[in-house]
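Data first, discussion second: the structure below is written as structure tokens.
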Amino acid sequence: MAAGAMTTRVELLDAADFAAMRARHEAMRAPGAERLPPREYRITRPDRGVVTLEISSIPIEFDQQPAMLSFMRDVTERKRLQAQLLQADRMATVGLLAAGVAHEVNNPLSYVLLNLGSLARELPRIVADPARLPEALERLAEAREGAERVATIV
Numbered sequence: 604m605a606a607g608a609m610t611t612r613v614e615l616l617d618a619a620d621f622a623a624m625r626a627r628h629e630a631m632r633a634p635g636a637e638r639l640p641p642r643e644y645r646i647t648r649p650d651r652g653v654v655t656l657e658i659s660s661i662p663i664e665f666d667q668q669p670a671m672l673s674f675m676r677d678v679t680e681r682k683r684l685q686a687q688l689l690q691a692d693r694m695a696t697v698g699l700l701a702a703g704v705a706h707e708v709n710n711p712l713s714y715v716l717l718n719l720g721s722l723a724r725e726l727p728r729i730v731a732d733p734a735r736l737p738e739a740l741e742r743l744a745e746a747r748e749g750a751e752r753v754a755t756i757v
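Here you go:
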């Protein structure tokens with residue numbers, strides 16, 4: 604690549620990526636340079652859309668001068684799909700967490716509701732027979748314990 608070629612259309616290359624590309628270019632042209640792993644660069648198209656390019660380069664010699672041969676491919680769609688998959692994975696994780704919390708809350712809540720329902724049915728008999736009051740108080744204490752478990756989970 605000729606020295607002036609790096610400056611062609613640099614206004615389309617993201618500023619941070621330009622510095623990385625320049626460093627890569629210099630490293631690849633150095634004597635004894637090794638092949639570097641592919642790197643992604645963000646390019647702004649003339650219509651202001653952003654494209655992500657993956658560039659792979661290999662050092663070569665051209666006209667007895669160190670040079671590099673680069674291959675580019677547009678990975679914009681792959682990046683978009685990866686972001687969608689990541690978002691879907693996060694949503695699935697939130698769903699699993701919500702289901703787990705709902706299950707953990709539902710068990711003690713069912714316990715509370717059963718005790719309160721039983722007390723509601725027994726209340727007329729308790730009023731008629733005060734000897735049943737200790738049993739009613741026990742159920743009330745169990746309902747309170749279940750409500751406290753729900754509060755702890757929440």
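Every number in the working numbering is 603 more than the matching position in the sequence shown, counting from 1. Even glycine gets a Cβ: it sits at the ideal position worked out from N, Cα and C.
Residue i - DSSP class collapsed to helix/strand/coil
i	result
A734	helix
D677	strand
P669	strand
E637	coil
V654	strand
R752	helix
R642	strand
Environment of residue i [buried if 16+ CB atoms lie within 10 Å]
i	result
L688	exposed
P640	exposed
R746	Note on identity: in this sequence residue 746 is Ala, with Arg being the wrong assignment. Buried, by the Cβ-count rule.
P711	buried
N718	buried
M675	exposed
G703	exposed
S713	exposed
Endpoints, alpha helix (DSSP H) assigned at residue i
i	result
E629	618-632
Cα-Cα separation, residue i to residue j
i	j	result
A630	L615	22 Å
A634	G698	Position check: residue 634 holds Pro in this sequence, whereas Ala was assumed. If you take the alpha carbons of P634 and G698, they lie about 55 Å apart.
L716	P737	19 Å
I646	G749	59 Å
K682	M624	20 Å
Checklist line | alpha helix (DSSP H) runs wholly inside the segment 685-748, at least 4 long, in chain order | finding: none
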